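These protein sequence lines map, in sequence, to chains A, B and C. Everything in the first sequence is counted per numbering that gives the first Met the number 0, starting at 0 for the first residue and increasing by one. Everything in the second sequence is counted per numbering that gives the first Met the number 0, starting at 0 for the first residue and increasing by one. Everything in the third sequence is counted per numbering that gives the first Met the number 0, starting at 0 for the first residue and increasing by one. Note sheet for the following structure.
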Amino acid sequence: MLLSVNNLKKSFVTEEGMLQVLRGVDLELAAGDRLALTGESGCGKSTLLYLIGALESFDAGEIWIDGISLAGLNDRQRAAMRRTSVGIIFQQFNLIPSMTVSHNLRFHARLAGAEDSHWINQLSQRLGLTEFLKAYPEQLSGGQQQRVAIGRTLAARPKLILADEPTGNLDENTSDQVITLMLQLVEETGAGLLVATHSSRLAERMDGSLHLTSGLVS
Amino acid sequence: MSVKATWIWALVGLWLLSAVPVGAQGYGGLGTEAQGYAVPSPQTLIEFPKDHGPHPHFRIEWWYLTANLTGEDGSNYGAQWTLFRNALKPPAAQKSPEAGNWSTSQLWMGHAAVTTPSAHYVSETRARGSLGLAGAQSLPFSAWINDWRLAAKAPGDQNFRQLTVAASGAGFSYQLDLKARGPLIFHGQNGYSVKSSSGHASHYYSQPHFEVSGRLNLPDGSVNVIGTAWLDREWSSQPLSAAQSGWDWVALNFSDGSKLMAGQLRGGGGGNRRDETYTSATWISPRGTSTSYPDGSLSMEEVSRSTVADRAVPTVWRVKLPDKAIDIEIEALNKNAWMSTSFPYWEGPVVIRGTHSGRGYLEMTGYK
Amino acid sequence: MTLQIALRVLWSHWTYRPLQFLTLLVGLSLATGLWTGVQAINTEARSSYDQARTALLPQANQVLQRRDGQSIKLTTYVALQQSGWRTSPVLEGELSSGNTRIKVIGVDLVSMPQTMDSWSQDDGKFNLAAFLTSPHLILASADIAKQAAILPGVAIVTTGKNVPPGTIITDIDLAERLLDKPGQISRLVLAPRQSLMQTELQVLAPQLERIINQSAADIDRLTDSFHLNLSAFGMLAFAVGLFIVQGTINLAFEQRRGMCRTLRVLGVSLRTLALALILELLMIAVIAGAAGVILGYFIAALLLPDVAATLRGLYGAQVSGELDFRVGWWLTGLAIAIIGTLLASFWSLLKLLRMPVLAAAQPRAWALMTRRGTFYRLMVSGGLLMLALALLQWGSGLVVAFSIVATCLLGAAVVLPDAIASLMGVFERFARRPVSQWFWADTRQQLPGLSLALMALLLALAANIGVSTMVGSFRLTFDGWLDQRLAAELYVRTANEKQSIKLRDWLQGRADAVLPVWNVVTTIEGEAGQIFGFSDHATYRNYWPMLQLQQGGWDNVAAGRAVLINEQLARRRGFAPGDVIRLSEDHKLPVAGIYSDYGNPRPQAMINVDLLTRWFPKVAKTRYAIRVDAAKSQALAEEIRLKFGLEGRNLVDQASIKRRSLEIFERTFTITQALNVLTLSVAGFAIFTSLLTQSSMRLPQLAPIWALGLTRRQLAGLEFLRALLLAALTMIFALPLGLGLAWLLLAVVNVEAFGWRLPMFLFVDDWLVLALYGLVATAFAAAIPARRFSTIAPADLVKVFAHER
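So, in structure tokens, the structure goes:
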């Protein structure tokens, strides 16, 4: 199994007291699987994604990615996981503003030590980014920026790709294009994909869908 | 002449206290310093030539000359020459053990002026009584300060028979010869002149009979002049007793050869009558005999004022002395005869109209 | 009412971010404080000069002095008075009472042209009769009133505001005795109105000349350069301080965009909002300005004693070491704080007010250093540089010299960010690893936010390098020059000529040489100056600090055919060897050489001593330099002391003169260096606040990198390194700029201000120390934001990417 999550718990300290966001989540994802994670705003979709993406640490439970447990990893080890095993596409501000599109595309791959120029060229062509390679992120539209983010993630060939509302900031048309491209390319790499979204259009195009309510997956 | 005496007193005194706010101390401040000086006495007889010279044991003293002049051009002129002496210390303290070049117990100040119908030139000069910069001596008579000098022409002259006087300042200078045409006049009792009911007095004599010839140098050129002059000599030690607002004083030469000194002290005449005007007068006959008049015999009234040095000063007066049937109006030759000296006052020649005619000098102080 | 609400809402920002508020207050207070401090020092000094002027020559601007500088005789004075001249004698000198040196001004108040109003007294005890008669009342400055009270012949001491510090004003009678100068007069003050009949001065006293208020008027001119110097530093410090204010206000305005938008949506008019913002700024300016004035007072109080010592040592100008708190400072201090605040917030305010009501709440646009902007800045910088060159070529005067310095500094500062950015570009191109590539790229992008602070640092560092190079070069030169100039082992001043003859006879066989050092004060080319007489001796030929010397120059001077002049005279009047110079009214000689003469503001010339005594027969023949075996000099000095009773200032050995000279030198530059350190601290503070400001806006830039697999500690380390790198780069740029500045100070400003040009030396040690200080300061400044980032919660980082969770 590429990803397995067992009885995952996470709470936050808020002004009203302890807020338990995840109350014992279980889920599994095989390589090549594409799952949608749905739920209402604030139900904890993003939190779950960030925990799987080794961005944050969790309170209890287990996360296994490609045979490695995230529990008990320190800051450096979590960073290494992010570099090599997981690719995350956020809703916004994915890109490094100080670097060109071309550099952004390569950045993750180079960090992971897996730069493949041929593959990256292919990606930029497929994503329609060739004419923007020298531009800076802030010069691109929202859809273009997300395509760069997708390209950057795929360029590093991570086994697991996480996406948090990747089209949340895009209009419907652009959104469809971006999703089509993403699904095609993910399929070609054989990576597992977990997408958190509240868009049913997006969820419908996935292999399956998990619903998060009251801190539990159903 | 008592009125004139008192205000000069104040003037020199003020100069000494100049750095102290006048209002705070008033003239009364002088009172505390009077002790230790010689006091005028009716028993003292004035002697010549000795008394032409200085009296350093008395606190103050002056040689005061005013002249009414006519130029070869027909214009009227006035000239003034004054030397004040002021002792800094009572006689007992005057001998300083470590006398240096500059050590002095006497302070001297000179005022000189020339008045023309259209201009008034004033100069003040001051010196300490050391290094021979200023002083006076009786025989041969001489009184001087810096380059100004009033002196006997003949070394043996014991009675002011013939004097010369010279002064110079910014814009003017003069040199006059004086010839006495009458006797010296003693005021009061043989020169012992009582000033007030509370007993203030001075030693006081005059020579009002000078005939003058000389030369004035003015910015436009020189002019030869002739005329008359009046010299006062007075010394005293006694302080003022009351605050006064000012004085008006005249010395008049009538064309009939008689003369009149008249004066009034405005506001606070002394004694019990502080708020009233105190007057005094001396009439001198053409032969040189004098008659003094008590307070109230004379009246002086303002006729009109002029603006001089930013203040209103009466430059036309009506003077009456009924006892001698004198009822005259006097008018300044030049209204702007303002003495812009350390302590300013008005002093200048006047023309006389009315029951008598002639010329004279007017002096006014305390106009603000 | 709405205004009040708007104001309260806006102000809540500061209570929410107290540190930011503190930064703003401290920055503005520092800027105002430095500026006020310098102004206070200048005001105090100028008022001391005014006192000196009134005391020396009340109401009069002309004096009579002897051409040969000797004292005037009493008989001359009396003759003048009796010939219609209206003058008043002044006798001046110095005496010692305990360890205090007291300047005595003896006057004759009786003959003073005006009344004595200028001495109007605080305590009202003044009384002319007591002043004139023994035992005397005297006037003293407050600082020496106690010492003055025990002087012989003094009965009462009154202190007067108008008496210059360290001075007593006495009757001339007492002054004669105190100074033991019977029958002497230093000068005669001419009354403004002289009488019509006066004898010509030429006939009466041909030895006298009419001089226009020399001593007092000169002080203004001479010290102007010093004060301009101070003012320039005050301005620099103020400008550097404003960088902080600008940065903080900019940030606060950025952060309150949302707040302002909300207020406007809620119906607060633009006008009310603008008014509220301006009122808020004014309040801050007033608070900070008041604190700044107080700070300025302490800075001034701290520095004033050194300034006073400098002015006394350098120009002989008496300045009180005590500081009065003047109302004027409050007003100017507050005014400058308000003007500075408004100036610093102008663009932020304008931008905020122009913002449309419903503009999207964007984070700060990460403006690239566009080519157009770079081009624009290069043009400005080039223009400034051209201006500096043009001024250097065609301008003259001290103000121009400082303008050159200012334009150069500004021109360099403007292009600093671009220069660093292009350097980063080069590094980026050669970077192999992705993180380093990102590092360079990101540093380049961070520059706009840090540029003001870096410019401030550049200015402060360059000023520091420039000034310390100047002072160091001057010190080296001065030290060597003193060795040359003070070649003799002992310097004596005898009481009179009789004693001189005795001393010379006695020294025969005991000393190697006894060299006369006689001088007169006279007019050189119409300006008050000194002529020294010296006898031809190897001491001079071997040691005298010549800058230029004609072939056979020493022989010509020894033969009385030529003169040596000091550098300041040569420069000010454009004299070169061979030119003929007018020494006093009646004498002219060709210039044979030019020597350096540091620390002397006035013209000076040296001629053969026999020629001097021929020209000025009355010259005081009392001062001598004695050459003797250095080992024996102490013993000889002791013998002279015992035998002739010469001591104190009348018998000085080489070492102590040198020590005193160096002491004066050091104090001269204490204030410059103190201001330097303060300016640098302000710049350090600017760096700190900018980094702090930046750190809160850096999250969107750092979060993606973190998400891609770098730890927070790694990123914090890189942030720290970046700050150090930028500081180091700024330092590298500051070095040539500082050296250029040093050159300008040594070769242009010094020449205009003092009349001498100094060689430049390089002090690498100092730079290293400065660099170390700079890096340590930056490290401190960068450590706090870096530490904060290294411990930030991941939850805060992921917030960048999404609004919901």
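Cβ atoms here follow ideal geometry from the backbone N, Cα and C, with glycine treated the same way. Computed from a prediction, not measured in an experiment: that's the story for all the values here.
- Starting from proline 589/C, follow its DSSP beta bridges and name the residues at the other end. Numbered from 1 along the third sequence, position 590 holds the residue referred to as residue 589/C. Proline 589/C pairs with Val579/C.
- Item | Within chain C, the residues that leucine 130/B reaches when beta carbons sit closer than 7 angstroms | Here residue 130/B is taken as the residue at index 131 of the second sequence, counted from 1. Neighbours of leucine 130/B on chain C, chain order: Leu73, Val77.
- Item | Minimum Cβ-Cβ distance from aspartate 176/B to chain C less than 8 angstroms | In the second sequence, the residue the question calls residue 176/B occupies position 177. Cβ-Cβ to chain C under 8 angstroms: no for aspartate 176/B.
- Query: Does the Cβ-Cβ distance between alanine 112/B and proline 53/B come in under 8 angstroms?
  - Reply: For the purposes of this step, residue 112/B is taken as residue 113 along the second sequence, with counting starting at 1. For the purposes of this step, residue 53/B is taken as residue 54 along the second sequence, with counting starting at 1. Cβ distance not < 8 angstroms, so alanine 112/B and proline 53/B don't count as in contact.
- Item | N-terminal and C-terminal residue of the beta strand (DSSP E) that asparagine 5/A is part of | Walking along the first sequence from the start, residue 5/A turns up at place 6. Segment 2-13, the beta strand (DSSP E) holding asparagine 5/A.
- Expressed to the nearest angstrom, what Euclidean distance is found between the alpha-carbon atoms of glycine 77/B and isoleucine 283/B? Reading the second sequence from its first residue, position 78 is the one you call residue 77/B. Reading the second sequence from its first residue, position 284 is the one you call residue 283/B. Taking the straight line joining both Cα atoms gives about 21 angstroms.
- Task: Report yes or no: do the region 609-621 of chain C and the region 777-785 of chain C share at least 3 C-beta pairs separated by less than 8 angstroms?
- Result: no
- Classify histidine 226/C as helix, strand or coil using the three-state DSSP reduction. The residue labelled residue 226/C in the question sits at position 227 within the third sequence. Three-state DSSP puts histidine 226/C in a helix.
- Message: I want to verify the contact list: residues of chain C whose CB lies under 9 angstroms from the CB of arginine 82/A, in sequence order.
- Response: Within the first sequence, numbered from 1, the residue matching residue 82/A stands at position 83. Near arginine 82/A (Cβ distances below 9 angstroms), the residues of chain C are Leu707, Gly708, Leu709.
- Query: What three-state label does DSSP hand leucine 187/C in the structure shown?
  - Reply: As a first step, residue 187/C is located in the third sequence; it is residue number 188 there, counting from the start. Here leucine 187/C sits in strand by DSSP.
- Message: According to DSSP, simplified to helix, strand and coil, what is asparagine 85/B?
- Response: The residue labelled residue 85/B in the question sits at position 86 within the second sequence. Strand at asparagine 85/B.
- Item | chain C contact residues for tryptophan 101/B, given Cβ-Cβ distances below 8 angstroms | As a working note, residue 101/B is residue 102 in the second sequence. The contacting residues are Asp107, Asp170, Ile171, Asp172, Glu175.
- Per DSSP, which residues does valine 194/A bridge with? Please list them. Start at 1 with the first residue of the first sequence, and residue 194/A comes out as number 195. Valine 194/A pairs with Ala35/A, Ala162/A.
- Item | Alpha carbon of serine 116/A to alpha carbon of arginine 105/A, nearest angstrom | Locating residue 116/A in the first sequence gives position 117, where the first residue counts as 1. Locating residue 105/A in the first sequence gives position 106, where the first residue counts as 1. Whole-angstrom Cα-Cα distance: 8 angstroms.
- Specify the secondary structure class of arginine 483/C as computed by DSSP and reduced to three states. As a working note, residue 483/C is residue 484 in the third sequence. At residue 483/C the sequence reads glutamine, which differs from the arginine that was named. Glutamine 483/C: helix per DSSP, three-state reduction.
- Message: Tell me which residues of the region 106-117 of chain B have at least one Cβ-Cβ distance to chain C shorter than 9 angstroms, keeping chain order.
- Response: Leu106, Trp107, Met108
- Query: Which residues in chain C sit within 8 angstroms of proline 96/A, going by Cβ to Cβ distance?
  - Reply: Reading the first sequence from its first residue, position 97 is the one you call residue 96/A. What proline 96/A touches in chain C: Trp365, Gln444, Pro699, Gln700.
- Using a Cβ-Cβ cut-off of less than 8 angstroms, list which residues of the region 78-105 of chain C approach chain B; keep chain order. Gln80, Gln81, Ser82, Gly83, Arg85
- Item | Per-residue DSSP class, three states only, for lysine 102/C | For the purposes of this step, residue 102/C is identified with residue 103 of the third sequence, where counting begins at 1. Of the three classes helix, strand and coil, the one that applies to lysine 102/C here is strand, per DSSP.
- First and last residue of the uninterrupted alpha helix (DSSP H) at glutamate 496/C: Taking the third sequence and counting its residues from 1, the one referred to as residue 496/C is at position 497. Unbroken alpha helix (DSSP H) run through glutamate 496/C: 496-506.
- Message: Along the region 156-174 of chain B, where does the CB come closer than 7 angstroms to a CB of chain C? Name the residues.
- Response: Ser167, Gly168, Ala169, Gly170, Phe171, Ser172
- is_contact[threonine 406/C, chain B] using C-beta, thresh 8 angstroms: Residue 406/C sits at position 407 when you count from the first residue of the third sequence. False, the Cβ-Cβ gap to chain B never drops below 8 angstroms.
- Quick check: the region 66-77 of chain B against the region 221-228 of chain B, are there 3 or more CB pairs under 8 angstroms? yes
- First and last residue of the uninterrupted alpha helix (DSSP H) at threonine 261/C: As a position in the third sequence, residue 261/C is number 262, starting the count at 1. Its alpha helix (DSSP H) spans residues 256-264.
- Task: Please list the partners that arginine 192/C has in chain B, where partner means a Cβ-to-Cβ separation under 9 angstroms.
- Result: Counting from 1 along the third sequence, the entry for residue 192/C is found at position 193. Within chain B, the residues near arginine 192/C are Ser122, Gly168, Ala169, Gly170.
- Task: Would you list, in chain order, the members of the region 49-67 of chain A that have their beta-carbon closer than 7 angstroms to a beta-carbon of chain C?
- Result: Tyr49, Leu54, Glu55
- Message: Quick check: what's the CA-CA separation for alanine 202/A versus methionine 258/C?
- Response: As a first step, residue 202/A must be located in the first sequence, where it is residue number 203. As a first step, residue 258/C must be located in the third sequence, where it is residue number 259. Alanine 202/A and methionine 258/C: Cα-Cα distance of roughly 38 angstroms.
- Determine the closest residue to arginine 260/C out of Val434/C, Ala273/C, Leu278/C, with distance taken between C-alpha atoms. Position 261 of the third sequence, counted from the start, is the residue given in the question as residue 260/C. Residue Ala273/C is the option with its Cα nearest to arginine 260/C.
- So, helix, strand or coil for serine 467/C, using DSSP? Here residue 467/C corresponds to residue number 468 of the third sequence, with the count starting at 1. If DSSP states are grouped into helix, strand and coil, serine 467/C belongs with the helices.
- Message: Judging by CA-CA distance, which residue of Gly127/A, Pro157/A, Thr166/A, Thr152/A is the nearest neighbour of glycine 141/A?
- Response: Taking the first sequence and counting its residues from 1, the one referred to as residue 141/A is at position 142. Ranking the options by Cα distance to glycine 141/A, first place goes to Thr166/A.
- Query: Leaving out five residues before and five after glutamate 380/B in sequence, what residues of the same chain have Cβ atoms less than 6 angstroms from its Cβ?
  - Reply: This structure does not reach residue 380/B, given that chain B is present from 0 up to 367, and the question cannot be answered.
- Within 10 angstroms of the Cβ of valine 797/C, are there 16 or more other Cβ atoms? Answer buried if so, exposed if not. What you label residue 797/C is simply residue 798 of the third sequence in a count that begins at 1. With 16 or more Cβ atoms within 10 Å of its Cβ, valine 797/C is classed as buried.
- Item | Where tyrosine 623/C falls: helix, strand or coil (DSSP) | Counting from one through the third sequence, the residue named residue 623/C turns up at place 624. Three-state result, tyrosine 623/C: strand.
- Leaving out the 5 sequence neighbours to the left and right, which residues in its chain are closer than 6 angstroms to serine 137/B when beta-carbon positions are compared? As a position in the second sequence, residue 137/B is number 138, starting the count at 1. Pro48, Lys49, His51, Gly52.
- Query: What residue does the beta strand (DSSP E) around leucine 805/C start on, and which one ends it?
  - Reply: A question about residue 805/C goes unanswered here, because the residues of chain C that appear run from 0 up to 804.
- Message: Could you tell me the alpha carbon to alpha carbon distance between glycine 525/C and leucine 302/C, rounded to whole angstroms?
- Response: For the purposes of this step, residue 525/C is identified with residue 526 of the third sequence, where counting begins at 1. For the purposes of this step, residue 302/C is identified with residue 303 of the third sequence, where counting begins at 1. The straight-line gap from Cα to Cα measures roughly 36 angstroms.
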